[in-house]
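Report on the structure given below.
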Amino acid sequence: MDRRRRRRVPSGTTEQSCRRPTQGQQRPAMSRRYNHAQVQEYWQRVWEREGVYECPDDAPDPTYVLGMFPYTSGSLHMGHIRNYVITDGYARYRRMCGDDVLHPIGWDAFGLPAENAAHDHHTDPESWTETCIARMREEMGEMGFGYDWSREIKTADPSYYRWNQWLFARFYEAGLVEYKSATVNWCPDCETVLADEQVDDRDGGEVCWRCGTPVGRRDLDQWFFTITDYAEELHAGLDDLEGWPESVRDIQRNWIGRREGARVAFEVPGYGELEAFTARLDTICGATYLAVSPGHDLAATLAAEDDAVADYVEAVGNGAEEAGTTGVETDLAAVHPVTGAELPVYVAAYVLDDVGTGAVMGVPAHNERDHAFAVSQDLPIEGVVEPVDGSGTNLPAEPYTEEGMLAGSGEYDGLASAAARERMLDDLDAAHPDVTYRLRDWLISRQRYWGTPIPVVHCDDCGPVLVPDEELPVELPEFVQSTGNPLAENDTFVETACPECAGPARRETDTMDTFVDSSWYFLRFLSPEFEDGPFDPERADEWMPVDVYVGGEEHAVLHLLYIRFFTRALADIGLVDFREPVDRLINQGTVLYDGEKMSKSSGNVIAPHEYGAETTRLFVLSAAHPEQDFEWTAKDVTGAYEFQQTLYGMVDAFVERAAVRRERAAHDDYVDREIDRTIAAVTEDYERIGFHQAITGIRQLARLLRRYRDYETPHEAVYRRGLRTLALLVAPMAPYLAEELWNMLRGEGLVVAADWPTPRTDTDYRIERRLVEATLDDVRDIVDVVDIDDPAEIELAVAQDWKYRAYRIARDADPGSAVVGQIMDDETVSAHGEAAADYAAALQERQPGLEPVVDGDRELALLERAAWLFEDEFGADVTVRRASDGDDLAARAKPNKPAIHIR
RNA sequence: GCGAGGGUGGCCGAGCCUGGCCAAAGGCGGCGGACUUAAGAUCCGCUCGUGAAGGCGUACCUGGGUUCGAAUCCCAGCCCUCGCACCA
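Encoded structure:
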C-alpha cells in the first residue's frame, strides 16, 4: 500500500496545528558522531577514581558474578569476549539494582603453552605470561569490563600457589591424596601425563586435549586426588543443581557413570575368590565362563607359572582395542554359586582393568561382548531370559540383551528380570548389591616446569614426606631451558633434606595439573590478601556460593567437576559450610564465522576491537541469548554500531537545541507510561539474562521517542526522562556510551552507579499495549480495505459501561453455565433491552476465551493518550469518546474494542 | 545403541516453562517513501493470501491426542546438533 496516505497531512487547518511547531524542521543529519575510542580513557579513569567496581569487604552478601578466568594465552578472543560481556552486563545490572556486587577477574597463569612460547620467543614462562597478562588486562579495559581489580589474582604467583600446596597437604592428611604407580596417559609432545578428562577421542584414537597428539601409556609413580571418594555424592548432587543447564548435568552424569548392580564372588579352587561385577544378576544362570582382564591379579599370578597366560598378557599389552575377542584359557575352574557347575576361567583382553572389578561372568546369551567372545572361543551359549511377550529370540545366533522373564534358572523361572535380581540378592551369599563408577581418580602430576611444585620430599628412609606448612611455598626455581622436565634437572632444587629425619632427600619434581589452580580460585577472590589460609572462611560462608557463573561448556567434566569435588573436600576438611560452589551456571554459546567456530586454526578470527570494542559488546549481546551459538555478520555488527549512533544523536540533538514545551498534554502521558512499560519489560529481560531481548525493548522505546519528538515539540520533563531511561537501560551493555549520554543529560553522578529505574505506575502493560496496537491495526485494516485515500477524521467510541459489566459477569461465570441468564439477571445490563440480550448471547458463545480487559474509563483515558499515534500515522483528526445507547457507533463498541468510524 | 538439546515466516532469531491478548517481538535482507543535485548516511512505512469497515483462509518439521481454544501441553515418527559407549 502506498504509505503517502498515511503520512500526516502537512500543517493542518485545525487546532492541532499549534501543537506541531517543529514539524518539518528535523535537524539535518547528525552533526556529531559517538566515538567510543575517544572517551574510553576518560571514563576508565573516572570509574577507577570512584572505585565503582570495588566490592567492599564488609558487604553482607554480595551478588557474586563470575566468568571463568582466562588462561593467559596472549590476547582476548571472541570466546572470552562473549563470556565476559555476559558477566559484565549482569554484574552492572545487579549493581544498579542496588546489590553489592563481587565481579572479580584473575589469571589462570600456569600451563604448558607458556613453556612452549618461552622457547619460541627466547624468553621464560614468567616473563611471557606477564606480557600476556598486560596485554589482556588492557584489552579488558578497552572492552569496558567493570572488574574489581583490587582482587586480581594470578595463579603463577607464589602467594597464590602456596595455597595449592597448603591444600594439597590438607587433602593429604584427609586421605584424599594417593601416590601410586599407575598406567597413565602420556602425551609425547607435551612430555607429560594427562588426566582421563584431558584425553579426547578423535577419529577413534585417543589424543591430547591440548595438542592433538596421540596419547600413549606409561607406568609411573603419580599423585592422585581421590575424587572417586565423592563419586556418589557428585552424582546425586546433580539432581539438585537446578540452576545448571541440563546438558552439563547430563555430561557429568555420563562421566561419573554410576551403575547399580551386584558383586558376585565365584569360588576358584586353587586361587581363591574371584569377584565379578554385573548389572544383570538375573542372567547369572546363563554364565558359561569367567574372564579376567590381562591386568587382573589373577592373570599376574598365573603368568608366573603359566607360559600361555604370560605370553598372552605380554602380547596384548595395552592394546586392548586390537585384541578383539582373543583370550587364553587358564587351568582354573570356577564354581557357579547357583548351579555349582564348573566354569572355565579365561584371561581376555576385552575385559578391562578399570571397569567394575576387572573380571566378568560371561553370559553369552545376554550380552553382546560376551556373545562375541563365546562365539570366537567356542563356548556354550545358554539363554535364561525370554521376552515377556513371547516373541522369542534369535539365540544362539544373536544375544538377547533386553530384560524379560527368567527361564532355565531353576526356582527363579517365571520371575521378571528386576524381581529376579532382588530375589537373588536376598538368596545368594555370594552376591552383594554394589555400585560402580566410571569416574577415575584425578591424576594431578605433571612432568612440567610451569606449575605448582608438589610439596613433597622423597626420602629413602621415610618415603614421601610432606613439606611442612611453614616452609611453604616451595617456590619454582629460575627457569632454565631444557629438553625434559626443567625441575628434575635442577640439582639445587631437587637436593634437599628430609623434613622428618633430616637425611638427604630429593624433592618431588612433578608440578600440579593447572586444573588444581582453578578448582578454588573463586574462593581466593573473596579475600585475595588473606594470609592465614587460602581464603577467609567466615567470608566464604557469607558470600558463597557463586551466584552466576559463566563459561564454556567444554569444561563440563573438567573444571566444573573439579570445583564440585574441591568444594566438598573443603567442606569435609571444615573450611567451608556449603557443598556446591555455583548456584546458576550459564554456558555461553559459540561465535561462528561462515558457520565455523571462530578459531585461530580456522583462520576466521575477528579481533574484538576490529569493529570497535563497544560495538562488539553490543553486537555480541544483541545477537542471541547467551547460551546460543550465533553467526558473526558484518551487517549485523553495523546494526549495533548504528544503534549507538542513533541513541547518541537523539541525546545530542536534545541537549544542543532545547526547544521544549512545559504544558502537559495527553500524549505526554502516553509516552510517560510507555517509558514505564519499557522499564518493566527490560528489567524482566535483564533478570533472565536475556540481553538480546532487552535491546529490543530499548530500541522500541528509542523509536517511540523519536516519533514523539518529531510529532511536536517534546515536553521537557517527559522527553528527558525518556532519554535518561534509555541511558540507564543500556548502561549494563554499553557503559561508555551510557556515561556520555548520562553526562549530556546532566544525570546525577555516574550512570554505572546510578539507581536502576523503576516504573512509576503499575506495569500490567501487556493489556494496554495490546489494546492500542489492536486498535491501530483495526484502523489500518479499515483504511486499507475500504481504500480510504486520505482519512480526515477518526472517531473512536469506547463501549458503554454496561457492556463491561456484562463482560465481567461472563468472564467470572463458571464454564458451561447459563451465561446469558446470569448477565440478564443484572438489572443495569438488562435495562438495555435487545442490545443487551444480543451482546449477552455473543459473550456466551465466546465465554471460555474471554480475555482480561481494562475497564471503560481506563480504556477511554488510554485511547485519549494514544490518540496522537493515530493522528501521526494517518494524518487525521482523532476523536475519542464514550459511546451511548442509540448513537450509531454504540452497537459496534465492545470492551477494549472501541467502535471505529473513519471519514 | 543410550542420554541431552533442538526443528518457527526470504534469512537469523524471540516466544514454548506459566495454552487464549500470536499472522507470531526484534534484527538482517527486500520493496517504497522522506531528506538530498546525486550517492552514501539517517529517518519513516510495507514485507503469508484474500477482502469496498476492523472479516476470512492458510501458517510455527510430520501425524495423532488433550482442550471451548495449541507454536505453546501429551504420544508416535522423521530430521539436525552434542555427550557417552568393548562400562560387564
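The numbering of the first sequence is my numbering, which starts it at 178 and goes up by one. For glycine and all other residues, C-beta sits at the position ideal for the given N, C-alpha and C. Treat the numbers as computed from the prediction; the structure is a model and nothing was measured.
Cβ-based neighbour list, residue i, same chain, cut-off 7 angstroms, excluding 5 preceding and 5 following
i	result
Phe278	This sequence places Val at residue 278; Phe is not what is there. Once the five neighbours on either side are set aside, the close Cβ partners of Val278 are Cys232, Pro239, Thr240, Val242, Ala268, Arg271 and Arg272.
His513	Ala464 and Leu520
Asn1073	Leu948, Val1030, Val1031 and Glu1036
Thr460	Val540, His543, Val561 and Val562
Val828	Leu900, Leu918, Met921 and Leu922
Arg841	His892
Pro676	Val634, Val642, Val644 and Pro645
Leu479	Val486 and Thr507
Arg546	Tyr527
Continuous beta strand (DSSP E) stretch holding residue i: start and end
i	result
Asp1087	Outside the modelled stretch of the chain, which goes from 178 to 1080, sits residue 1087, for which no answer is possible.
Thr360	Val354 to Cys364
Cys636	Val633 to Cys636
Ala442	Arg436 to Val445
His786	Segment: none, His786 is in no beta strand (DSSP E) and carries neither H nor E.
Leu643	Gly640 to Leu643
Tyr726	Val723 to Gly728
Pro681	Pro681 to Arg684
Element boundaries [alpha helix (DSSP H), containing residue i]
i	result
Asp813	Ala811 to Glu833
Ala549	Glu545 to Gln554
Leu1081	As displayed, the chain neither begins before 178 nor continues past 1080, which places residue 1081 out of reach and without an answer.
Arg430	Glu423 to Ile433
Pro714	Pro714 to Trp720
Leu906	Glu893 to Val907
Trp305	Pro302 to Met320
Gly414	Ala408 to Gly414
Gln375	First-last for Gln375: undefined, no H or E at that position.
Arg741	His736 to Ile750
Phe692	Thr691 to Asp694
CB-CB length for residue i against residue j, believed under 8 angstroms
i	j	result
Phe246	Tyr698	6 angstroms
Thr767	Val753	Rounded, the Cβ-Cβ distance is 33 angstroms, inconsistent with contact.
Trp720	Met775	35 angstroms between Cβ atoms; not a contact.
Pro758	Arg741	7 angstroms
Asp932	Gly275	7 angstroms
Phe796	Arg876	Not really, about 13 angstroms apart at Cβ, beyond 8 angstroms.
6 angstroms Cβ shell around residue i - same chain, five flanking residues per side excluded
i	result
Trp919	Ala904 and Val928
Trp386	Gln375 and Asp377
Arg204	Note that Arg204 has pLDDT 34, beneath the 50 cutoff, so the model's placement of it is unreliable and the number below is only indicative. So the list reads Ala830, once near-sequence residues are dropped.
Arg1080	Ala969 and Glu970
Pro198	Because the pLDDT at Pro198 is just 25, under 50, the model does not fix this residue reliably, and the value given afterwards should be weighed accordingly. Excluding residues within five positions, the ones whose Cβ falls inside 6 angstroms are Thr890.
Val1057	Leu973, Leu1040, Glu1041 and Ala1044
Arg339	Leu649 and Pro650
Phe1047	Ile971 and Val1055
Asp301	Ala295 and Phe656
Val445	Leu451, Leu509 and Ala511
Sequence-distant residues of its chain with Cβ nearer than 8 angstroms to residue i (five each side left out)
i	result
Ser208	Reliability of the predicted coordinates at Ser208 is poor, the pLDDT of 49 falling under 50, and the value obtained from them is presented with this limitation in mind. Closer than 8 angstroms at Cβ, skipping near neighbours: Asp829 and Glu833.
Gln805	Gly766
Ala1068	Ala1012 and Ala1076
> Is it a yes or a no for the segment 249–259 touching the segment 732–750, going by three-plus beta-carbon pairs under 8 angstroms?
Replying inline: These segments do not touch.
> What residue ranges within the segment 943–976 form continuous beta strand (DSSP E) runs of no fewer than 3 residues, ordered along the chain?
Replying inline: Within the segment 943–976, the complete beta strand (DSSP E) runs of at least 3 residues are 970–975.
> Can you find at least 3 beta carbon pairs, one from the segment 848–858 and one from the segment 776–791, that sit closer than 8 angstroms?
Replying inline: Too few Cβ pairs lie closer than 8 angstroms, so no.
>> Using 8 angstroms as the cut-off, can you tell me whether the segment 274–288 makes contact with the segment 679–696, which would need three or more C-beta pairs spanning the two stretches below that distance?
In response: Yes: the two stretches touch, three or more of their Cβ pairs being nearer than 8 angstroms.
>> Which runs of the alpha helix (DSSP H) at least 4 residues long sit entirely within the segment 564–624? Give them in chain order.
In response: For the segment 564–624, whole alpha helix (DSSP H) runs of length 4 or above, ordered along the chain, are 594–604.
> Counting pairs of beta carbons, one from the segment 412–427 and one from the segment 581–598, are three or more of them closer than 8 angstroms?
Replying inline: Note that the segment 412–427 does not touch the segment 581–598; fewer than 3 beta-carbon pairs, one per stretch, sit closer than 8 angstroms.
>> Would the segment 604–620 count as touching the segment 433–449 if we require 3 or more Cβ pairs under 8 angstroms?
In response: Yes: at least three Cβ pairs fall under 8 angstroms.
>> Threshold first: 4 residues or longer. Then list the alpha helix (DSSP H) segments lying entirely within the segment 228–283, N to C.
In response: DSSP runs (the alpha helix (DSSP H)) wholly in the segment 228–283: 255–273.
>> Using a Cβ distance threshold of 8 angstroms, determine whether the segment 1059–1071 contacts the segment 955–968, with at least three qualifying pairs required.
In response: Short answer: they don't touch.
>> When you compare the segment 856–874 with the segment 210–230, are there three or more beta-carbon pairs, one atom per stretch, that lie closer than 8 angstroms?
In response: Segments in contact, no.
>> Threshold first: 4 residues or longer. Then list the alpha helix (DSSP H) segments lying entirely within the segment 1021–1066, N to C.
In response: Taking only runs of at least 4 residues, the alpha helix (DSSP H) segments lying wholly in the segment 1021–1066 are 1033–1051.
>> As an exercise, report each continuous alpha helix (DSSP H) stretch of at least 4 residues that is fully enclosed by the segment 482–545, in chain order.
In response: You should have 484–493 and 497–500.
> Where in the segment 826–885 do unbroken runs of the alpha helix (DSSP H), each at least 4 residues long, occur, reported from the N-terminal end onward?
Replying inline: The segment 826–885 contains these whole alpha helix (DSSP H) runs: 843–864.
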